[in-house]
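Quick note, the sequences are listed as chains A and B, same order.
Counted the way this note's numbering counts, the first sequence spans residues 1454 to 1702.
Counted the way this note's numbering counts, the second sequence spans residues 261 to 523.
Glycine included, every Cβ here is placed at the ideal spot set by N, Cα and C.
It should be emphasised that the depicted structure is a prediction, and the values quoted were computed from it without experimental measurement.
To start, the structure under review is shown below, and the notes come after it.
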Amino acid sequence: MGDYIVELENVDAGYPGATILRDVSFSVSRGEVFALLGGSGCGKSTIMKHMIGLNPVLAGTLRVAGLEWGPRTRAELCRKIGVMYQSGALFGAMTCLENVMLPLEEFTSLKAAARREKAMALLADVELADAADKMPQEISGGMKKRVAIARAMALEPEVVFLDEPSAGLDPITSSALDDLILKLRRERRTTFVVVTHELASIFKIADRCAMFDKARGGMIALGAPAELRDRSPDAFVRRFFNRGGSNGK
Amino acid sequence: MGLVYSTGRRAASFAASFRDTCAFLGEAFGAMAGVAPRPRSFRFRDFALAFQRAAYEGLAITSGIGLLLGIILAFESAAALRTFGAEVYVSDLLTISLFRELGPLVTAIVLAGRSGSAFAAEIGVMKVDEELDALTTMGLPPVRFLVPPRVFAAVLAMPILTVCAELAGLAGGAGVLQIMGVPVPVFWAHVKGTSDLFMVGFGLFKSCIFGFLVGMIGCGAGLSTKQAADGVGVAATSAVVAGIVAIAVADGLLAVVCHVWGV
Chain A
1454 MGDYIVELEN VDAGYPGATI LRDVSFSVSR GEVFALLGGS GCGKSTIMKH
1504 MIGLNPVLAG TLRVAGLEWG PRTRAELCRK IGVMYQSGAL FGAMTCLENV
1554 MLPLEEFTSL KAAARREKAM ALLADVELAD AADKMPQEIS GGMKKRVAIA
1604 RAMALEPEVV FLDEPSAGLD PITSSALDDL ILKLRRERRT TFVVVTHELA
1654 SIFKIADRCA MFDKARGGMI ALGAPAELRD RSPDAFVRRF FNRGGSNGK
Chain B
261 MGLVYSTGRR AASFAASFRD TCAFLGEAFG AMAGVAPRPR SFRFRDFALA
311 FQRAAYEGLA ITSGIGLLLG IILAFESAAA LRTFGAEVYV SDLLTISLFR
361 ELGPLVTAIV LAGRSGSAFA AEIGVMKVDE ELDALTTMGL PPVRFLVPPR
411 VFAAVLAMPI LTVCAELAGL AGGAGVLQIM GVPVPVFWAH VKGTSDLFMV
461 GFGLFKSCIF GFLVGMIGCG AGLSTKQAAD GVGVAATSAV VAGIVAIAVA
511 DGLLAVVCHV WGV
């Protein structure tokens, strides 16, 4: 068995009474940037919600860091993962610094000064040390996402899930966010699972990706982005990767 | 077939809503009971903020309504009692009605309108913005994180607001009676003669119950906000409506209990 941080075996994804994806199987290796992609409504965010323990899988087995989500493993698994939501999901009543300090406050025995120092270091990593005392309403969408990444990294998780990091951002900010993900992966050896449909971002950051299709109700491709673009036997996959010209070439 | 289908759907929806309510109540009571053994888990800052909004910022409107209530009650009852030359007994009527019934009731309705809706809207926006999901994936159960500070703030704010409303009501009544020729010392002597510790204490106990209901219903409505354009508005409205209904039902039940116990 390989050194996998996330493993899905024959998973049916969706909600009770509404299966969206059937029989999904793939694994994410440690240290990898893995992208979940597909068109809008194909179920990639639904799969991520299963991975982060928000919804139970309908069938099959899903393991994160070797554990299945359940009442007994929830607390342990929550320490092993970090999540950045599409909107950032920063707590509006707290400053950026307090947002990053929250997990440290709740789950570590660090003294206040040490918590502050660590949170400031995380904000510096995402190049937002000077926004520490700002409220989330006072910063831009891209900055919110960077603060959310800093918060997700606070407990040094084994895997960080990012939901549509490029959504709503201009290309320059989006590219800067991709650079940040690569920098954090390089410096901290963190695994990233990214939900996205931005081809430029996929080619820039993803080592491998899994592609889903709503019409076929399942995973239709798995592999490195360039490999899928050039050699996928599936015409839909090749068309998806080649849309808009020469992505990644 | 249509009737059977729609009845079945409603029954299933009612059952789901009942199950969710029971789950919320269980989790919320567990969270509140867990504050004593684990005080570190209690969000004092959120409590202070909710208390400031409920009590301090609600003081003026609650006192204002109490004052107007006292004035209106005094005028209306004085008109009837004057026929018997018994205007002075307006003070007795005011004392009993404000301390036992109207003080806690009107204050609770104001709290439901201000803080109940605010709790629902605040938590509802957090839900729509995925902040509740963020708490869950951090390993912080939203109910444990959000409910105790707000409910405790409402419970603590209610007696303070009630006392202010009652005193303002008495002041309004005293002013009206002064105009009608009943001096303030006489009014005050009647207030002291009519009221007792049990009456005031029972009114404040009721106010705590009402505060608890407003807090719980506001938080519950916020947590069950639907992910729709009007989700937060619907949650805030339902918090106010359900809060006022719950207050009226609780008041009625307490009145029956008092009657049965002869107090």
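Coarse secondary structure for residue i, derived from DSSP in three states
{"i": "residue 435(B)", "result": "helix"}
{"i": "residue 1595(A)", "result": "helix"}
{"i": "residue 277(B)", "result": "helix"}
{"i": "residue 1615(A)", "result": "strand"}
{"i": "residue 1687(A)", "result": "coil"}
{"i": "residue 456(B)", "result": "coil"}
{"i": "residue 307(B)", "result": "helix"}
{"i": "residue 1590(A)", "result": "helix"}
{"i": "residue 1600(A)", "result": "helix"}
{"i": "residue 471(B)", "result": "helix"}
{"i": "residue 262(B)", "result": "helix"}
{"i": "residue 295(B)", "result": "coil"}
{"i": "residue 440(B)", "result": "coil"}
{"i": "residue 1702(A)", "result": "Its pLDDT being 46, under 50, residue 1702(A) is placed unreliably in this model, and the coordinates cannot settle the point."}
{"i": "residue 485(B)", "result": "coil"}
{"i": "residue 359(B)", "result": "helix"}
{"i": "residue 336(B)", "result": "helix"}
{"i": "residue 1526(A)", "result": "coil"}
{"i": "residue 450(B)", "result": "helix"}
{"i": "residue 1541(A)", "result": "coil"}
{"i": "residue 1697(A)", "result": "Reliability of the predicted coordinates at residue 1697(A) is poor, the pLDDT of 46 falling under 50, and no value is obtained from them."}
Bridge-paired residues (DSSP) for residue i
{"i": "residue 1465(A)", "result": "1512(A)"}
{"i": "residue 1661(A)", "result": "1487(A)"}
{"i": "residue 1479(A)", "result": "1461(A)"}
{"i": "residue 1536(A)", "result": "1614(A)"}
{"i": "residue 411(B)", "result": "For residue 411(B), which the question treats as bridged, DSSP gives no partner whatsoever."}
{"i": "residue 1645(A)", "result": "1486(A), 1613(A)"}
{"i": "residue 1474(A)", "result": "1466(A)"}
{"i": "residue 1520(A)", "result": "1517(A)"}
{"i": "residue 1583(A)", "result": "Paired residues: none, contrary to the question."}
{"i": "residue 1666(A)", "result": "1671(A)"}
The alpha helix (DSSP H) enclosing residue i, as first and last residue numbers
{"i": "residue 1506(A)", "result": "Here residue 1506(A) belongs to no alpha helix (DSSP H), and DSSP marks it neither H nor E."}
{"i": "residue 517(B)", "result": "491-521"}
{"i": "residue 364(B)", "result": "363-371"}
{"i": "residue 315(B)", "result": "Unbroken run through residue 315(B): none, as it is neither H nor E."}
{"i": "residue 344(B)", "result": "Taken as a continuous stretch (DSSP letters only), residue 344(B) belongs to no alpha helix (DSSP H), as it is neither H nor E."}
{"i": "residue 385(B)", "result": "377-388"}
{"i": "residue 1557(A)", "result": "1549-1560"}
{"i": "residue 1571(A)", "result": "1565-1578"}
{"i": "residue 393(B)", "result": "391-398"}
Where the beta strand (DSSP E) containing residue i begins and where it ends
{"i": "residue 1676(A)", "result": "1671-1676"}
Residue i beta carbon near the ligand FAD (any heavy atom closer than 6 Å)
{"i": "residue 309(B)", "result": "This structure lacks the ligand FAD; in fact it carries no ligand of any kind."}
For this session: Taking 8 Å as the threshold, find out whether the stretch 389-403 of chain B comes into contact with the stretch 285-295 of chain B through three or more Cβ pairs.
Result: The answer is yes - the stretch 285-295 of chain B touches the stretch 389-403 of chain B, with three or more Cβ pairs under 8 Å.
For this session: Check each residue of the stretch 274-291 of chain B: if its Cβ is closer than 7 Å to any Cβ of chain A, include it; give the result in chain order.
Result: The residues in question: there are none.
For this session: Could you list the residues in the stretch 1545-1571 of chain A with a C-beta less than 8 Å from some C-beta on chain B, going in chain order?
Result: Listed by position, the residues of the stretch 1545-1571 of chain A near chain B (Cβ gap below 8 Å) are 1545, 1546, 1555, 1556, 1559, 1560.
For this session: Anything in the stretch 394-406 of chain B with a Cβ closer than 7 Å to a Cβ of chain A? List those residues in chain order, please.
Result: Listed by position along the chain: 394, 396, 397, 398, 399, 400.
Exercise. Relative to chain A, which residues along the stretch 379-390 of chain B have a C-beta separation below 7 Å, given in chain order?
Worked result: The stretch 379-390 of chain B vs chain A, Cβ under 7 Å: 389, 390.
For this session: Examine the Cβ distances between the stretch 1631-1644 of chain A and the stretch 1557-1570 of chain A and report whether three or more of them are shorter than 8 Å.
Result: Result no; under three Cβ-Cβ pairs closer than 8 Å.
Exercise. Name the residues in the stretch 1499-1511 of chain A whose C-beta lies less than 9 Å from a C-beta of chain B; which are they?
Worked result: Those would be 1502, 1505, 1506, 1507, in chain order.
For this session: Name, going along the chain, the residues of the stretch 1627-1651 of chain A whose beta-carbon falls closer than 8 Å to a beta-carbon of chain B.
Result: The residues in question: there are none.
Exercise. So, do the stretch 1518-1531 of chain A and the stretch 367-380 of chain B have three or more beta carbon pairs nearer to each other than 8 Å?
Worked result: The answer is no - the stretch 367-380 of chain B does not touch the stretch 1518-1531 of chain A, with fewer than three Cβ pairs under 8 Å.
For this session: Taking only beta carbons into account, state which residues of the stretch 1587-1600 of chain A come closer than 8 Å to chain B, listed in chain order.
Result: Correct list: empty, as no residue qualifies.
Exercise. So, do the stretch 1536-1545 of chain A and the stretch 382-394 of chain B have three or more beta carbon pairs nearer to each other than 8 Å?
Worked result: With contact defined as three or more Cβ pairs closer than 8 Å, the stretch 1536-1545 of chain A and the stretch 382-394 of chain B are in contact.
For this session: Determine contact between the stretch 449-463 of chain B and the stretch 373-388 of chain B, defined as no fewer than three beta-carbon pairs at a distance below 8 Å.
Result: Touching, no, given that fewer than three Cβ pairs across the two stretches are closer than 8 Å.
Exercise. Taking three-plus beta-carbon pairs below 8 Å as touching, is the stretch 502-509 of chain B in contact with the stretch 403-423 of chain B?
Worked result: Fewer than three Cβ pairs drawn from the stretch 502-509 of chain B and the stretch 403-423 of chain B lie within less than 8 Å of each other, which leaves the two stretches out of contact.
For this session: Check whether the stretch 1502-1520 of chain A touches the stretch 347-358 of chain B, taking contact to mean three or more Cβ pairs, one atom from each stretch, closer than 8 Å.
Result: In this structure the stretch 1502-1520 of chain A does not touch the stretch 347-358 of chain B; the number of beta carbon pairs closer than 8 Å is below three.
Exercise. When the Cβ atoms of the stretch 301-311 of chain B are set against those of the stretch 413-433 of chain B, are three or more pairs found closer than 8 Å?
Worked result: The stretch 301-311 of chain B is in contact with the stretch 413-433 of chain B.
For this session: Would you check if there are 3 or more beta carbon pairs closer than 8 Å linking the stretch 1612-1631 of chain A to the stretch 1648-1657 of chain A?
Result: Yes, the stretch 1612-1631 of chain A is in contact with the stretch 1648-1657 of chain A.
Problem set entry | Inter-stretch contact at 8 Å, needing at least 3 Cβ pairs: the stretch 1457-1465 of chain A / the stretch 1577-1597 of chain A | Three or more Cβ pairs closer than 8 Å define a contact, and the stretch 1457-1465 of chain A falls short of that threshold against the stretch 1577-1597 of chain A.
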